[in-house]
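Enquirer: My structure is below; once you've seen it, I'll send some questions.
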Amino acid sequence: MKKVLINLVHPNIDESRVNKFLSQTAEKEENITINNLYAKYPDFKIDVQKEQELLLQNDVIIFQFPMYWLSSPALLKEWLDVVFTYNFAYGENYKLEGKKFVIAVSTGSGTAQYSSTGSNKHSVEEFLTPFVGTANYIKMDYQNPFVTYETFVISDEKLEESAKNYVEYIKNISK
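The opening residue of the sequence shown carries number 28 in this note's numbering; numbering runs sequentially from there.
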């Protein structure tokens, strides 16, 4: 299995049930590193060089987060803005070219809400379109997202199944 970096972007991971369990389950696997961004950068002062080095050391880059107001938590936007710099991620050098770019997102709502007829009027994939654009712009290989729905009401059994599926998903994309 290739080396996998999970950039965990949850502003309150200690109180999280789903993202905490998914990341803890994934972390047990070989070649998977968890990079808890809110734990490292609660003040949003990101060590750009350190983050870029982590990216270069891994083949699969996963951004795991809960969907907040149909987007990602604020720290992820800041991280992307300061880490994906000119001549690192794009420009004369595309140092992340060919690496896999993955979103693992959790939502409180179900699939019915994330449809053209649901309350959100769009699918999760449609809300993730800016990430597709980012990956394409920096020549990374965007993968279909891993989505965990209904996190507010998910049963222990469904959560365990989701964690198992997450690990299998990671193994499949990192062959």
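C-beta: ideal position from N, C-alpha, C; glycine also.
Leaving out five residues before and five after Glu-78 in sequence, what residues of the same chain have Cβ atoms less than 6 Å from its Cβ?
Expert: As a working note, residue 78 is residue 51 in the sequence shown. Closer than 6 Å at Cβ, skipping near neighbours: Val-110.
Enquirer: Helix, strand or coil for Pro-93 per DSSP?
Expert: In the sequence shown, counting from the first residue as 1, residue 93 sits at position 66. Note: Pro-93 maps to strand in three-state DSSP.
Enquirer: Keeping to the same chain, check which residues put their C-beta closer than 6 Å to that of Val-105; ignore five residues upstream and five downstream.
Expert: Counting from 1 along the sequence shown, the entry for residue 105 is found at position 78. Note on identity: in this sequence residue 105 is Glu, with Val being the wrong assignment. If we look at Glu-105 and ignore the five residues flanking it on each side, its Cβ neighbours are Phe-71.
Enquirer: Please identify the residue among Asn-34, Phe-173 and Pro-172 whose C-alpha is closest to the C-alpha of Tyr-68.
Expert: Looking up residue 68 in the sequence shown gives position 41. Per the Cα distances, Asn-34.
Enquirer: Check this for me: beta carbons of Phe-92 and Val-132, under 8 Å apart or not?
Expert: If you number the sequence shown from 1, residue 92 lands on position 65. If you number the sequence shown from 1, residue 132 lands on position 105. Closer than 8 Å, so yes.
Enquirer: Are Asp-86 and Lys-30 touching if we call contact CB-CB under 8 Å?
Expert: For this step, residue 86 is matched to residue 59 along the sequence shown. For this step, residue 30 is matched to residue 3 along the sequence shown. In contact: Asp-86 and Lys-30 (Cβ atoms closer than 8 Å).
Enquirer: Might you give, ordered along the chain, the residues of its own chain that have their beta carbon closer than 6 Å to the beta carbon of Thr-60, omitting 5 neighbours on each side?
Expert: As a position in the sequence shown, residue 60 is number 33, starting the count at 1. Excluding positions up to five away in sequence, the list reads Leu-32.
Enquirer: For Asp-168, does the three-state DSSP call read helix, strand or coil?
Expert: Taking the sequence shown and counting its residues from 1, the one referred to as residue 168 is at position 141. Looking at Asp-168 - three-state DSSP - the assignment turns out to be strand.
Enquirer: Look at Val-151 and Thr-134 and say whether their C-beta atoms are less than 8 Å apart.
Expert: Against the sequence shown, residue 151 aligns to sequence position 124. Against the sequence shown, residue 134 aligns to sequence position 107. Contact flag set, yes.
Enquirer: Please report how far the alpha carbon of Ile-200 lies from the alpha carbon of Asp-168, in whole angstroms.
Expert: Counting from one through the sequence shown, the residue named residue 200 turns up at place 173. Counting from one through the sequence shown, the residue named residue 168 turns up at place 141. About 11 Å.
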